[in-house]
Amino acid sequence: MQTFLGILLLLLVLQRVPAQISDEEGPNTVIQLSEVMAKCSCQVMDQLVYVYDEYPQSVENIYMPHCVVVRRCSGYCSGEEFKCLPTLERNATLQLKISSQEQPVELTFLEHQQCQCRDPENLPYYERSVIKSQQQQQQVH
Ligand SMILES: *[C@@H]1O[C@H](CO)[C@@H](O)[C@H](O)[C@H]1NC(C)=O
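The opening residue of the sequence shown carries number 130 in the numbering used here; numbering runs sequentially from there.
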């Protein structure tokens, strides 16, 4: 009987351990300046993209999920004239579901692989048109 109580007590103590660990990441955590700056500086980040924003012509299909997470350039650049822009991109193909079909469908989304703070006015001509069309897409939201 005593060992049973002992085990019961041990279990109660063990149950408290994870709760205490997660308390350290509770509502009153202080995040150091260096980490704050590192996290918001220009880099590739996970971004939520609405499928219909990039495929507006496909409104007759109801995609599940409605949004996808892709890696895109985002973050702070020092200097007004600089923008966080991709220097390397790829197309990622993601599987989604549409209601009228059993099999998943595949949609392609642009992903950024490398970013840099750059002056949009000083880009080579062939890159400027690409960035302009991306910004116009974003303003439609
Ligand atoms: C991604 O696909 C689009 C549309 O097919 C194409 O215009 C673009 O050049 C592709 N980008 C890359 C990095 O492969």
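We put the beta carbon where it would ideally sit given N, CA and C, even for glycine. On a predicted model such as this, the values are computed, not experimentally measured, just so you know.
Secondary structure at Cys206, three-state DSSP: helix, strand or coil?
coil
With a CB to CB cut of under 6 Å and the five nearest residues on each side skipped, what residues in its chain are close to Arg201? Gln176, His241
* Would DSSP call Asn220 helix, strand or coil? -> strand
Take Arg247 as the anchor and find which of Gly155, Thr158, Gln172 has the nearest alpha-carbon.
Gln172
- Between the region 209-229 and the region 184-195, are three or more C-beta pairs nearer than 8 Å? yes
- Query: Cβ of Leu239 versus every heavy atom of ligand 2: is any distance shorter than 7 Å?
  - Reply: With respect to small molecules bound, the structure shown includes ligand 1 and not ligand 2.
Check: Can you tell which of Pro215, Gly155, Tyr205, Cys206 has the C-alpha that lies nearest to the C-alpha of Cys244?
Finding: Between Cys244 and the set Pro215, Gly155, Tyr205, Cys206, the nearest pair of CA atoms involves Pro215.
- Collapsed DSSP secondary structure at Pro156 in the structure displayed: coil
Note to self: Rounded to the nearest angstrom, what separates Glu164 and Pro156 at their Cα positions?
What the structure shows: 17 Å
If you drop the 5 nearest sequence neighbours on each side, which residues of the same chain put their C-beta closer than 7 Å to that of Tyr205? Same-chain partners within the cutoff: Cys169, Ser170, Cys171.
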